[in-house]
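Please read the structure below before turning to the comments.
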C-alpha cells in the first residue's frame, strides 16, 4: 500500500512548507496545519482544498492568533479576510489534526470467563 494513511507531515522540498494532518487512502481531510517558518495556519481541509466553511487561525510565532475566514478565489488562489487578532492562547486554537479512525474489526461475542476461553480455542 503506497497511499498515505494516518496522521503525518508532508514536506515540500522546493519551499520548506509543511502540511500536517490526517490522510485516508491518500486523501488529506479534516483539521490541518500548514507550517512555514514561525507561522502556523490552522484550518480545515475538505479533501481537495482548504475549506471556507470554518473559521481559521494564523498562529504567529506563538505570540499572536489572527482569526478570519479563508475563501478560494479565482485561479485557485485563496483570499484571507481577518476578523480579529489576540495574544496567543493555546486553548483558543482550532482542532488539531486527528488520527484516521481504524475500521471496525470483525468481532465475536465472547466473555472473559475461563470456560468461554477454553470453549473457543
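Residue numbers (the numbering used here): 53 to 173.
The C-beta atom is built at its ideal place from N, Cα and C for all residues, glycine as well.
Legend entry - residue 113: first and last residue of the uninterrupted beta strand (DSSP E) it sits in: Start at 1 with the first residue of the chain shown, and residue 113 comes out as number 61. No beta strand (DSSP E) holds residue 113; DSSP gives it neither H nor E.
Inset, instruction - Take residue 129 as the anchor and find which of 104, 57, 138 has the nearest alpha-carbon. - result: Taking the first residue of the chain shown as 1, we reach residue 129 at position 77. Of the listed residues, the one whose Cα sits closest to residue 129 is 104.
Inset, instruction - With distances taken Cα to Cα, identify the nearest neighbour of residue 144 among 133, 88, 114. - result: Within the chain shown, numbered from 1, the residue matching residue 144 stands at position 92. The option with the nearest alpha carbon to residue 144 is 114.
Inset, instruction - Select from 78, 88, 84 the residue whose C-alpha is nearest the C-alpha of residue 67. - result: For this step, residue 67 is matched to residue 15 along the chain shown. Measuring from the Cα of residue 67, the nearest candidate turns out to be 88.
Legend entry - DSSP state of residue 143 mapped onto helix, strand, coil: As a working mapping, residue 143 is identified with position 91 in the chain shown. If DSSP states are grouped into helix, strand and coil, residue 143 belongs with the helices.
Inset, instruction - Express the C-alpha separation of residue 147 and residue 133 in angstroms, rounding to a whole number. - result: Reading the chain shown from its first residue, position 81 is the one you call residue 133. Reading the chain shown from its first residue, position 95 is the one you call residue 147. Computed Cα separation, rounded: 20 Å.
Inset, instruction - Using a Cβ cut-off of 8 Å (strictly closer), state whether residue 67 contacts chain B. - result: Among the protein chains of the structure shown there is no chain B, as only one such chain exists.
Inset, instruction - Would you kindly work out how many angstroms separate the C-alpha atoms of residue 123 and residue 109, rounded to a whole number? - result: Taking the chain shown and counting its residues from 1, one reaches residue 123 at position 71. Taking the chain shown and counting its residues from 1, one reaches residue 109 at position 57. Distance between the alpha carbons of residue 123 and residue 109 is about 13 Å.
Inset, instruction - Please state whether DSSP places residue 135 in a helix, a strand or coil. - result: Within the chain shown, the letter at position 83 stands for residue 135. Strand.
Legend entry - Whole-angstrom distance between residue 116 and residue 56, CA atom to CA atom: Counted from its first residue, the chain shown places residue 56 at position 4. Counted from its first residue, the chain shown places residue 116 at position 64. Rounded to the nearest angstrom, the two C-alpha atoms are 32 Å apart.
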